[in-house]
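To keep things clear, I will list the structure first and then write my remarks on it.
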Amino acid sequence: DIQMTQSPSSVSASVGDRVTITCRASQGIDTWLAWYQQKPGKAPNLLIYAASNLQSGVPSRFSGSGSETDFTLTINSLQPEDFATYYCQQANSSPYTFGQGTKLEIK
Amino acid sequence: EVQLVESGGGLVQPGGSLRLSCAASGFTFSTYWMYWVRQAPGKGLVWVSCINSDGTNTRYADSVKGRLTISRDNAKSTLYLQMNSLRVEDTAVYYCVRRAVGPSHYFAYWGQGTLVTVSS
């Protein structure tokens, strides 16, 4: 199974900041990677697919990059609604594993 | 508009059974792979199972293999998860998920989730 490791587990930031979250795969997955945002009590929301493609309706301040084993999610100019938990997920092979999550908190 | 509505969750004793359903609408159900993803209270997301469009190909996480069975009824646009021999560690919110357009396993549409609690 492919293990997905996110860092950091939590991060504090202020409105207007730029934040970067990283995700590492235990083996190469090309660009078969997605990023999700989840707010408390809600289902996750797909933000980025294929490592760098923005899902329809997602603000352009979100961006993704990387390939094979190392990936990043960047959020520019943080907005109040961005404070949530973020998960990466590999779509390369079953089981389609998630990272453990990164909680983005208001400083 | 894509809608996924789960039902069937509840409280069950260890060793018991439960069947979850997911009613789909707003898209051609019979053409999409479908998935179950779960989330234990306060924990992260865990992929559980998936099924191809005509129900001939199913996959499971090792932790549920042999106990949970995914199926679908394309005539009723409904996805199922039969849960047998339930364990305390199966306690979670179970989400029904539809993949994104195209040949990928990205999870684009999610239901609101249904809570399964396994406890004596």
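As they're listed, the protein sequences go chains Y and D. The numbering used here puts the first residue of the first sequence at 20, with every later residue one more than the last. The numbering used here puts the first residue of the second sequence at 2, with every later residue one more than the last. Just so it is clear, CB atoms sit at the ideal spot from N, CA and C, and this is done for glycine as well.
Using the C-alpha atoms, what's the distance from Thr91 (chain Y) back to Pro15 (chain D)?
Your numbering for residue 15 (chain D) matches position 14 in the second sequence. Your numbering for residue 91 (chain Y) matches position 72 in the first sequence. Their backbone Cα atoms lie some 40 angstroms apart in a straight line.
I'd like the ranges of any beta strand (DSSP E) spanning at least 3 consecutive residues and lying wholly in the region 44-76 of chain D.
46-52, 59-61, 69-74
Element boundaries [beta strand (DSSP E), containing Val38 (chain D)]:
Taking the second sequence and counting its residues from 1, the one referred to as residue 38 (chain D) is at position 37. Note, Val38 (chain D): beta strand (DSSP E), 35-40.
Could you list which residues in chain D have their beta carbon closer than 9 angstroms to that of Ser113 (chain Y), in chain order?
Taking the first sequence and counting its residues from 1, the one referred to as residue 113 (chain Y) is at position 94. Going along chain D in sequence order, the residues near Ser113 (chain Y) (Cβ under 9 angstroms) are Trp48, Cys51, Arg60, Tyr61, Ala62, His106.
In angstroms with no decimal places, state the Cα-to-Cα distance between Tyr81 (chain D) and Thr29 (chain D).
Working through the second sequence from its first residue, we reach residue 81 (chain D) at position 80. Working through the second sequence from its first residue, we reach residue 29 (chain D) at position 28. Approximately 17 angstroms, taken between the alpha carbons.
For Asp36 (chain Y), three-class secondary structure by DSSP:
Along the first sequence, read from residue 1 onward, the residue named residue 36 (chain Y) stands at position 17. Coil, per DSSP.
How about Cys51 (chain D) and Gly112 (chain D): are their beta carbons less than 8 angstroms apart?
As a working note, residue 51 (chain D) is residue 50 in the second sequence. As a working note, residue 112 (chain D) is residue 111 in the second sequence. For Cys51 (chain D) and Gly112 (chain D), no; Cβs fall outside 8 angstroms.
What's the C-alpha gap between Val119 (chain D) and Val47 (chain D)?
Against the second sequence, residue 119 (chain D) aligns to sequence position 118. Against the second sequence, residue 47 (chain D) aligns to sequence position 46. The straight-line gap from Cα to Cα measures roughly 17 angstroms.
Under a three-way DSSP split, which group does Ser86 (chain D) fall into?
Looking up residue 86 (chain D) in the second sequence gives position 85. Note: Ser86 (chain D) maps to coil in three-state DSSP.
Out of D:Asp91, D:Ala101, D:Ala76, point me to the one whose CA is closest to Gly10 (chain D)'s CA.
The residue labelled residue 10 (chain D) in the question sits at position 9 within the second sequence. Nearest of D:Asp91, D:Ala101, D:Ala76 to Gly10 (chain D), Cα basis: D:Asp91.
Chain-order list of residues whose beta-carbon lies under 7 angstroms from that of Arg60 (chain D) (same chain, five-residue window excluded):
Here the question's residue 60 (chain D) lines up with position 59 in the second sequence. Same-chain partners within the cutoff: Ser50, Cys51.
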